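Notes follow once the structure below has been shown.
Number of protein chains: 2
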Amino acid sequence: MSAGAPDTPRALRELAAAGRWNGPTAGILDGHQQANLVIVPRELAYDVLLYCVRNPKPCPVIAVTEPGDPVVRVGTTVADLRTDLPRYRLWRHGEPAGEPHDITPYWRDDSVGFLLGCSHTFEGPLCRAGVPVRYAPGSAAPPVYVTDVPTRPAGRLSGPLVVSMRAIPAALVARAVEITARYPTGHGAPVHIGDPAALGIADLSRPDFGPSPVIEDGDVPVFWACGVTPQLALPAAAPEYAITHAPGHMLVLDHLVDAAPEGQ
Amino acid sequence: MSAGAPDTPRALRELAAAGRWNGPTAGILDGHQQANLVIVPRELAYDVLLYCVRNPKPCPVIAVTEPGDPVVRVGTTVADLRTDLPRYRLWRHGEPAGEPHDITPYWRDDSVGFLLGCSHTFEGPLCRAGVPVRYAPGSAAPPVYVTDVPTRPAGRLSGPLVVSMRAIPAALVARAVEITARYPTGHGAPVHIGDPAALGIADLSRPDFGPSPVIEDGDVPVFWACGVTPQLALPAAAPEYAITHAPGHMLVLDHLVDAAPEGQ
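Those sequence lines, one after another, are chains A and B.
For the first sequence, the UniProt record's numbering begins at 1 and goes up steadily by one.
For the second sequence, the UniProt record's numbering begins at 1 and goes up steadily by one.
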């Protein structure tokens with residue numbers, strides 16, 4: 001399984017590449033930028049990039065690789081997208097087709113990789129500011145819901161907005177907005193505060209993905225755009241070839257979320 | 001020449017389309033978002049979009065049109081990119097090739113239009129916050145300099161960062177940073193404060209474009225990324241076909257810069 005939690009993002013990436021860290025990245029290396037991954041053929045890359053630009057809250061672009069080049073450079077991070085994530089998900093014609101730990105055999109000359117922001121980014125800053133992040137026992141991730149709010153389509157990509165929910169004490173909701181607004185690569189400020197029905201969520205206790213919510217008296221449900229959104233838009237395009245991270249198994253970058261390098 | 005300054009962005013666009021407003025848009029319709037325009041063939045659109053994503057300060061993307069569709073929709077704005085700007089610049093193989101007021105004859109089935117943010121956006125908010133914006137008499141634009149700082153290339157596009165300069169009283173520089181940081185579609189916070197030599201600018205009194213600077217005792221030169229940047233990166237790609245706005249002649253959108261619609 002997985003070795004002890006490493007001290008640095010680089011050490012984590014090296015363990016993942018050596019097959020010695022296969023676990024999720026939630027809750028480790030607090031303060032470092034984590035990134036979702038989408039890999040598509042070059043012929044679909046414009047649609048994916050435009051989809052991200054048109055939907056910046058669920059899909060904040062951190063980096064885009066050159067076609068065929070598996071190495072991504074962001075600040076001091078130099079990562080091999082074929083090996084440095086703990087777990088991947090293969091897609092064939094829009095359907096999941098396996099979850100390998102190494103995608104070297106699946107890399108192609110026309111593969112383009114997109115690193116997208118991840119909400120793991122803002123949970124540390126929320127906690128440090130005194131905003132409790134309540135998770136189900138044994139879980140390190142929030143509940144996730146598919147809404148009835150459409151994203152803005154781009155070319156062959158279209159789908160609903162997906163959101164994560166954190167229940168926040170009413171008196172701290174404004175602080176949670178202020179803090180998360182500082183992290184556009186962590187999906188930024190919430191997309192909705194309060195009534196789940198406004199997003200088409202009928203039953204908060206039954207998320208589409210992730211654990212059940214933990215809601216205490218006086219809490220308000222607060223919804224952030226979620227990085228699962230592009231994984232629902234991609235099947236609409238039904239590319240014969242696509243690879244993403246496996247849920248919860250992100251690329252961890254060297255830089256702290258409070259020191260993001262300029263540009264992508 | 002130009003009719004009296006219109007009351008609304010829509011009226012301005014209608015005058016432009018009717019050939020009755022051919023003048024620049026700087027200093028009019030204060031508070032409304034203005035946008036730079038880049039039109040390229042679909043085959044170059046991925047490079048242009050990626051260049052913008054990699055260089056968000058000079059090239060903040062407001063909207064991207066569908067290939068061949070000249071109509072752009074942003075919030076309540078519905079604009080025809082062929083007619084609704086006061087003046088355009090044609091490019092052939094990377095060289096300027098005319099400045100028509102209507103590009104209907106030049107529109108193609110594979111034309112893709114990009115609306116990019118413009119620093120006209122943040123000058124109203126600066127003035128309202130008590131930060132003087134000093135322009136040469138008779139001018140409504142800042143001096144512009146080509147720096148020796150490279151932008152991040154994307155595909156066939158590459159070139160230097162271009163900046164605009166406004167001289168700000170030292171005690172108000174921090175306020176100018178705070179205010180402009182709120183407007184990513186106005187190029188956001190400055191890219192540099194102080195010594196022009198750090199950007200490779202040898203002589204502040206000799207800008208590459210625009211009027212001479214107006215600098216008073218106690219002022220600090222403050223530099224913002226400039227929307228001219230992509231016009232220098234595009235010739236590197238030498239597309240056989242490209243169209244931009246003519247300098248200073250922007251598309252004016254309905255929405256106020258303080259009420260930007262979500263997404264693009």
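Built from N, CA and C at the ideal position, the CB exists for glycine as well.
Predicted model, so just to flag it, every value in this text is computed and none were measured.
Beta carbon of residue i nearer than 8 Å to that of residue j
i                : j                 : result
glycine 186(A)   : proline 221(A)    : no
serine 212(A)    : proline 143(A)    : yes
threonine 83(A)  : alanine 16(A)     : yes
alanine 129(B)   : isoleucine 201(B) : no
tyrosine 183(B)  : threonine 121(B)  : yes
aspartate 110(B) : proline 41(B)     : yes
threonine 151(A) : proline 160(A)    : yes
serine 158(B)    : glycine 227(B)    : no
leucine 199(B)   : aspartate 148(B)  : yes
isoleucine 62(B) : leucine 116(B)    : yes
leucine 126(B)   : alanine 171(B)    : no
aspartate 7(A)   : glycine 155(A)    : no
valine 191(B)    : arginine 166(B)   : no
histidine 93(B)  : alanine 238(B)    : yes
leucine 90(A)    : proline 100(A)    : yes
valine 257(A)    : tyrosine 135(A)   : no
leucine 49(A)    : valine 64(A)      : yes
tyrosine 145(A)  : proline 235(A)    : no
glycine 210(B)   : glycine 124(B)    : no
Whole-Å CB distance - residue i paired with residue j, under 8 Å assumed
i                 : j                : result
isoleucine 243(B) : tyrosine 51(B)   : Not really, about 17 Å apart at Cβ, beyond 8 Å.
alanine 140(A)    : alanine 26(A)    : 4 Å
valine 53(B)      : glycine 113(B)   : Actually they do not touch by this definition, with Cβ atoms about 17 Å apart.
proline 24(B)     : valine 162(B)    : Not confirmed; about 18 Å, so no contact.
leucine 81(A)     : proline 70(A)    : 5 Å
glutamine 34(A)   : alanine 260(A)   : That pair is no contact at about 12 Å.
leucine 251(B)    : alanine 79(B)    : 6 Å
isoleucine 168(B) : aspartate 219(B) : 6 Å
tryptophan 107(B) : serine 164(B)    : About 30 Å separates the two Cβ atoms, so there is no contact after all.
Bridge partners - residue i, DSSP secondary structure assignment
i                : result
proline 221(A)   : Ala167(A)
leucine 256(A)   : His32(A)
valine 214(B)    : Paired residues: none, contrary to the question.
isoleucine 39(A) : Gly113(A), Ile243(A)
valine 64(A)     : Phe114(A)
leucine 251(A)   : Ala35(A)
Beta strand (DSSP E) runs contained entirely in the segment 69 to 149 of chain A, provided each spans 3 or more residues: 71 to 74, 77 to 80, 88 to 92, 111 to 117
Within the segment 151 to 209 of chain A, ranges of the alpha helix (DSSP H) (whole runs, at least 4 residues): 173 to 181
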